[in-house]
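So in our numbering, the last spot in the sequence shown is 334, and the numbers never skip. Data first, discussion second: the structure below is written as structure tokens.
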Amino acid sequence: MAVRKILLLGNPILRTRCSAVKEFSSKETQRTIVDLRDTLDEFRNRHGFGRGIAAPQIGATPSIIFIRLGGLDAVINPKVIKRSTQMIELWDDCFSFPDILVKVRRHKRIEISYVDESGERKTLKAADAISELLQHEIDHINGVLAIDRAIRKRDIILRSEFPRLS
Ligand SMILES: [Zn+2]
């Protein structure tokens, strides 16, 4: 069990494409899952926000995310298999640039395939908050960050300026 350092914007590992996990019960896979969980929980306690984390954010590159929403935990090898044409817009944030907010557009509903902690293949239909969170974290697995999804260049702002937006 370990809380790991969260990598910040500019670290090249955040731009790495993660590789698919093949050995679900290996020590390395289990350790990455536990470290993701511990690091997410510690961040939530300290900053008061945070619902998900992806392996590259702790410097690991297996395709694993960890979610504290909707009863999900470890989500291994996640892939979006269906996307709604209906989109939602929201201000997104990220542990890797905690002082920045980005206005992004995400699919309102998605369906994903993934493997759970015990190695079982699953699919999940997600809408709204869980849908946009999964899209954020699956982007991380592919080396894509929320700032890349800013609707317009001016939709990247400091968190401290957010209350002044009308
Ligand atoms: Zn993030």
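Here a beta-carbon is modelled for each residue, glycine too, at the ideal position from N, C-alpha and C. Here the structure is a predicted model, which is why all the values come from computation and not from measurement.
Exercise for the section: Mark N310 as exposed unless 16 or more other C-beta atoms lie within 10 angstroms of its C-beta, in which case mark it buried. Expected result: The residue you call residue 310 lines up with position 142 of the sequence shown. Looking at its Cβ environment, which holds fewer than 16 other Cβ atoms inside 10 Å, N310 is exposed.
Practice task
Return the first residue and the last residue of the alpha helix (DSSP H) that A297 is part of.
Solution key: Along the sequence shown, read from residue 1 onward, the residue named residue 297 stands at position 129. 296-309 is the span of the alpha helix (DSSP H), which, as asked, contains A297.
Practice task
Taking all protein chains shown into account, decide if D316 is buried (16 or more other Cβ within 10 angstroms of its Cβ) or exposed.
Solution key: The sequence position of residue 316 within the sequence shown is 148, counting from 1. D316 is exposed by the Cβ-count criterion.
Problem - Where V171 sits in the DSSP three-state scheme - result: Looking up residue 171 in the sequence shown gives position 3. Coil at V171, not helix or strand.
Problem - C262 beta carbon near ligand 1 (any heavy atom closer than 7 Å) - result: Position 94 of the sequence shown holds residue 262. Yes, ligand 1 has a heavy atom inside 7 Å of this Cβ.
Problem - Whole-angstrom C-beta distance between G218 and L208, which should lie under 8 Å - result: Counted from its first residue, the sequence shown places residue 208 at position 40. Counted from its first residue, the sequence shown places residue 218 at position 50. Indeed they touch by this definition, with Cβ atoms about 6 Å apart.
Exercise for the section: Please check the pair I319 and E257, which I expect to be a contact at CB under 8 Å, by giving their CB distance rounded to whole angstroms. Expected result: For the purposes of this step, residue 319 is taken as the residue at position 151 of the sequence shown. For the purposes of this step, residue 257 is taken as the residue at position 89 of the sequence shown. That belief holds up - the Cβ atoms of I319 and E257 are roughly 7 Å apart, short of 8 Å.
Practice task
Flag this pair as yes or no: are the beta carbons of R277 and K290 separated by less than 8 Å?
Solution key: Position 109 of the sequence shown, counted from the start, is the residue given in the question as residue 277. Position 122 of the sequence shown, counted from the start, is the residue given in the question as residue 290. Their beta carbons are not under 8 Å apart, which means R277 does not touch K290 by this criterion.
Practice task
Can you tell me which of S281, L326, S231, G220 puts its alpha carbon nearest to the alpha carbon of I249?
Solution key: Working through the sequence shown from its first residue, we reach residue 249 at position 81. Nearest C-alpha to I249: S281.
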